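First up is the structure itself, then whatever we jot down about it.
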Amino acid sequence: MVKSSPDLKLDSALTLSQAAIGCDFQIRQVEGPACSQLRDIGFCEQMLVKKLTNGRNMLCTVCGTRLALSKDLADQIQVVPA
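In terms of the working numbering, the sequence shown opens at residue -18 and continues consecutively.
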């Protein structure tokens, strides 16, 4: 079962750092410094991501793998509710 944030519209994009904890999102855009390294490991558009924690470093899951991202990097990732 996919849990999504009830206060977000389906067409609203926000950064991963702004996204609600515990909700599922689809990656809309990955663009900025160091994002090529994310793409190299498969973190790219259309993937589903779930944000697990918030803070200076945040934890999320992508394809069943946990990944820690800095807030600066999460600010470069646009997501929409899944």
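Beta carbons: idealized from backbone N, C-alpha and C, even for Gly. As the structure is a computational prediction, the values presented were derived from the model and not from experiment.
Contact criterion: CB-CB distance below 9 Å. Does R47 meet it with respect to chain D?
Among the protein chains of the structure shown there is no chain D, as only one such chain exists.
Quick check: what's the CA-CA separation for R47 versus N35?
C-alpha separation (whole angstroms): 14 Å.
With a 10 Å radius around its C-beta and 16 neighbouring C-beta atoms as the bar for buried, classify A15 as buried or exposed.
So A15 counts as exposed.
So, with DSSP's three-state summary, where would you put S(-7)?
Coil at S(-7), not helix or strand.
What are the start and end residues of the alpha helix (DSSP H) that includes Q130?
What the structure shows of the chain is the stretch from -18 to 63, and residue 130 is not part of that stretch, so it cannot be assessed.
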